[in-house]
Structures are given as structure tokens and as C-alpha cells.
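Residue numbers (our numbering): 411 to 493. The structure under discussion appears below in the form of C-alpha cells.
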């Protein structure tokens, strides 16, 4: 069971890294139109869109990635406490 939790935590950390790269790419004009940007968007946008429905962007500031990171971290901590 420990191996499953270990590999799941690796996958979730990798997903967090993809989210971080995607968010940083949003600060660079047209970087999301690159092949890397489109691949990251296909993985990250479905998760972020859940939070954008709850917390819409305020002006030019989008707080949904912050909430998405917090929820993902809480889920990972809960997973570690269970196992």
C-alpha cells in the first residue's frame, strides 16, 4: 500500500509542477499558444475551470490557481494521513 501512495504522491507533485509552469506561462504573451502550452492546457484547464466557476477572475487577477493549489495540497496531506 505504501508504494501506491508513493507513486500517487509523485503524480500529484508532477501535476502541481505542470500547473505552476502553466501559470507562469500565462505571464508571457502567446506562450500558451505553443505546443507545450496547449499540452499543459489540456491537462491543467479542466481542473482549474472547476475553481474558475466558483471564484471568477477579479479584473486581471485570477485567484483560482491559488485555491486549486491549496485544495490539491489538502488532498495530498489527507492521503498521507490515511496511509
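Note that the Cβ used here is the ideal one computed from N, Cα and C, for glycine as well. Computed from a predicted structure; not experimentally measured.
CB-CB length for residue 465 against residue 474, believed under 8 Å: 5 Å
Straight-line Cα distance separating residue 417 from residue 472: Taking the straight line joining both Cα atoms gives about 31 Å.
Proximity below 8 Å, CB of residue 442 to CB of residue 451: yes
Residue 470 versus residue 435: straight-line alpha-carbon distance, rounded: 15 Å
C-alpha distance - residue 467 paired with residue 427, whole-angstrom precision: 22 Å
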